[in-house]
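Keeping their order, the protein sequence lines are chains H and W. So the first sequence is numbered by our numbering: it starts at 1 and just counts up by one. So the second sequence is numbered by our numbering: it starts at 1001 and just counts up by one. Quick notes on the structure that follows.
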Amino acid sequence: MYKALAYKEWIKIRWWAVGSLILELLLLIYIFTNLRAVIEYNSAEMIWSSIVYKSYMFFQSLKYVPFVVGIFISVAQYLPEVLDMKLKLTLHLPLEENRVLLFLNLFGTTTLLLLFIPLVAVLVIGSSIVFPSEITYAMIISIIPWFLSGFLSYFFVSAIMIEPTWSRRLVIAIIGYFLINEFLVDVILGGFIKIIVVLIVFTLLYNYAHMLSGLRFKRGSK
Amino acid sequence: MIFSAKLSRYLLVITAIIVVSIILPSFYSMLFYNSYPVPRVYFSPVSKDFLFNKAGGKDLLRYDREGKMYTREEFERLTPFFNYRQLLYREEMPDSLNGVALDIQDVKLNNVFYAIKPYDIFRYTIMLNPLIESAPGRPDLQMPHEFFRIAEKMEFINCSTNEVEAELSNLFNNALIENGFAFPAKNVFGNPSTRKPFDEGYLVVDNSDKLFHIKRIKNKPFIRKVEIPEGIKIDYIHLRESNLKEQYALFITDDNKIFIISYDNYRIIEIPSEGYDRKEMQLVIKGNMFYREIGFVSNKIVKTIVTDRNYKVIDTYEETLKTNEDYLVGDVSNYLFPFKLSLTSSDNLYVDFYSEISDLRFLIVSSLLAVFYLVFSRKRDNKFQLIDTIIILVTGIYGLIAVVLIKHES
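The structure is reproduced here in structure tokens:
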């Protein structure tokens, strides 16, 4: 049954996933051609100095991409479900409802993970070719919260979609906005190092963020 | 389903509390808090007493300990070292002071001014630095093509190829080993700029908290172990080359003591540091031909210790400043907000959970809010109402907002 459910989810999101991949590819091309040009027209020493002393982030344009991809996947997955109340059918499958809801979100989370891993991998490999490990490490610390914001945008938009009432949708949107804002705060390279583990654990918990809305959807709260 | 939904609700409630405890206090302070100017402290070599200036209305207020006000011109005449350029411009620079002839070159050379802010110390640093050639045989210093790291060993990495320069690395690495360096380096401090009169390389704290001076002279290593007092742990070193050649650097320890490494064979001099807290105070060092001024500045306190050039204390000034906490807005804030949360800090460049916890006054408002909630919440589901009430008691207005916005589904 879950296999069939996964297939149904895949049908819904596949073009959005492909679109996200293309977006990531274009982003990577931009980041590295831009980096080449910056080094070419200045000097490698100058770029190293800028990174070490002025927190120049050559990967800055990545910042909002995971956030946007998270919204894409969530919309692709849940918009068709709620537009015609199809989620009602899904929740009437001979499976426990919260398991179904959790499964739907885990499917989305896995998709995001699969979309983000190649992006991180290419960034890390590219950075390791041009820069020493110290700089690559600082980069990883800096981009993790941005990727977490992608998962959070997915969780919160999912909750907003499933939620049946507009007033509660607004509440969830406001809470989500300010929470994600904290993950995208501008800080120096490596600034997140002290709380990165806490943020990862915290983000994982939000797999449950849409459950309350799920219950309200099922009950048809007004 | 019910259980997951409950879990989901508490997750959202906690998130709402966190978010509101970040947003609401900062909005409150933006709306009601005032800025209280911090006075700048000077020691006049003319009157041999403290002078102050601080922002007040349109103009800067200039005054002394007795509160006597001075005009800008009077103030400048009383601080001839600090304002020598202006005095020269007005042709009012004295030829001598206290029987000492004032040569402008001397005045310039002996003027010292620098500040170390808490966020200079508390920040993530990428431990890669360029080791500038100290004897370039040219009038200007030049940026080298490689950055060095001191991890398991000392390595120079070519910036263009990102490859380790084996020969140079071995040369320096062996020199470090010969001098008993404990790898990896805990911290590396220097002044990686070519816009300075000469280069003094880096001061490096090794893994057993010993201090080493590392320079590159004619592409050869200069390594010198600097003897520091037993048992101290260096937290931060401020190294700025100056033609005065009085001190290599100033360093701050993890127990807020301040030391100077002098050019007199690396002699370590402890300077007055009583009352200094590197976590929240700026350390301001000023100096001139006659005095040294050591200042500790935060928005709560200013303290300046004036010493002679051998750091013997001459006079001390300390003032506790009024902050918003001392006024009604601060009181109201303490009643209203059980705690204030922020992920960033103006004194620290790490992202972390910075919280300011209120004294117990918040419990008064919290209790009122809890009673209010109990009376007005319509649904009677005792168990969950109790949990929500406890949430409000502990987190006050944040909790109330959270449980009202995200109601319990029975």
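Ideal placement from N, C-alpha and C gives every residue a C-beta, glycine not left out.
Where residue i falls: helix, strand or coil (DSSP)
| i | result |
| --- | --- |
| residue 1064 of chain W | strand |
| residue 41 of chain H | helix |
| residue 1350 of chain W | coil |
| residue 108 of chain H | helix |
| residue 1190 of chain W | strand |
| residue 1131 of chain W | coil |
| residue 1006 of chain W | helix |
| residue 32 of chain H | helix |
| residue 140 of chain H | helix |
| residue 1273 of chain W | coil |
| residue 1114 of chain W | strand |
| residue 1096 of chain W | strand |
| residue 1293 of chain W | strand |
| residue 195 of chain H | coil |
| residue 1331 of chain W | helix |
| residue 78 of chain H | helix |
| residue 1203 of chain W | strand |
| residue 1410 of chain W | coil |
| residue 154 of chain H | helix |
| residue 1316 of chain W | strand |
| residue 1356 of chain W | strand |
CB of residue i within 9 Å of CB of residue j, strictly
| i | j | result |
| --- | --- | --- |
| residue 1042 of chain W | residue 1293 of chain W | yes |
| residue 1313 of chain W | residue 1301 of chain W | no |
| residue 1185 of chain W | residue 1127 of chain W | yes |
| residue 1389 of chain W | residue 1339 of chain W | no |
| residue 76 of chain H | residue 17 of chain H | yes |
| residue 1350 of chain W | residue 1122 of chain W | yes |
| residue 46 of chain H | residue 1289 of chain W | no |
| residue 1398 of chain W | residue 1020 of chain W | yes |
| residue 1406 of chain W | residue 171 of chain H | yes |
| residue 1039 of chain W | residue 1274 of chain W | no |
| residue 1343 of chain W | residue 205 of chain H | no |
| residue 180 of chain H | residue 67 of chain H | yes |
| residue 1225 of chain W | residue 1210 of chain W | yes |
| residue 1118 of chain W | residue 1279 of chain W | yes |
Beta carbon proximity, residue i to chain H, threshold 9 Å
| i | result |
| --- | --- |
| residue 1055 of chain W | no |
| residue 1018 of chain W | yes |
| residue 1415 of chain W | Given that chain W is displayed from residue 1001 to residue 1410, the structure contains no residue 1415 of chain W and the question cannot be resolved. |
| residue 1350 of chain W | yes |
| residue 1384 of chain W | no |
| residue 1031 of chain W | no |
| residue 1124 of chain W | yes |
| residue 1344 of chain W | yes |
Interface flag, residue i vs chain W, CB-CB below 9 Å
| i | result |
| --- | --- |
| residue 124 of chain H | no |
| residue 194 of chain H | yes |
| residue 50 of chain H | no |
| residue 37 of chain H | no |
| residue 214 of chain H | yes |
| residue 132 of chain H | yes |
| residue 208 of chain H | yes |
| residue 191 of chain H | yes |
| residue 18 of chain H | no |
| residue 43 of chain H | yes |
| residue 87 of chain H | no |
| residue 1 of chain H | no |
| residue 182 of chain H | yes |
| residue 73 of chain H | no |
Chain-order list of residues whose beta-carbon lies under 6 Å from that of residue i (same chain, five-residue window excluded)
| i | result |
| --- | --- |
| residue 1250 of chain W | 1238 and 1260 |
| residue 176 of chain H | 156 |
| residue 1172 of chain W | 1154 and 1221 |
| residue 1257 of chain W | 1273 |
| residue 72 of chain H | 16 and 20 |
| residue 213 of chain H | 159, 162 and 163 |
Own chain partners of residue i with C-beta closer than 7 Å, once the 5 adjacent residues on each side are dropped
| i | result |
| --- | --- |
| residue 91 of chain H | 97, 100 and 218 |
| residue 1082 of chain W | 1042 |
| residue 1384 of chain W | 1408 |
| residue 141 of chain H | 190, 192, 193 and 196 |
Residues of its chain near residue i, where Cβ-Cβ distance is below 8 Å and the 5 sequence neighbours each way are ignored
| i | result |
| --- | --- |
| residue 1359 of chain W | 1334 |
| residue 79 of chain H | 161 |
| residue 1263 of chain W | 1245, 1246, 1247 and 1248 |
| residue 1168 of chain W | 1146, 1156 and 1219 |
Open item on the list: I'd like the ranges of any beta strand (DSSP E) spanning at least 3 consecutive residues and lying wholly in the stretch 1034–1083 of chain W.
Closed with: The stretch 1034–1083 of chain W contains these whole beta strand (DSSP E) runs: 1040–1043, 1050–1056 and 1059–1064.
Open item on the list: What ranges does the beta strand (DSSP E) occupy inside the stretch 1215–1258 of chain W, keeping only unbroken runs of at least 3 residues that lie completely in it?
Closed with: Correct list: 1220–1226, 1234–1239 and 1247–1253.
Task: In chain order, each alpha helix (DSSP H) run of at least 4 residues that lies wholly inside the stretch 1129–1184 of chain W - done: Listed in chain order, the complete alpha helix (DSSP H) runs (minimum 4 residues) inside the stretch 1129–1184 of chain W are 1166–1178.
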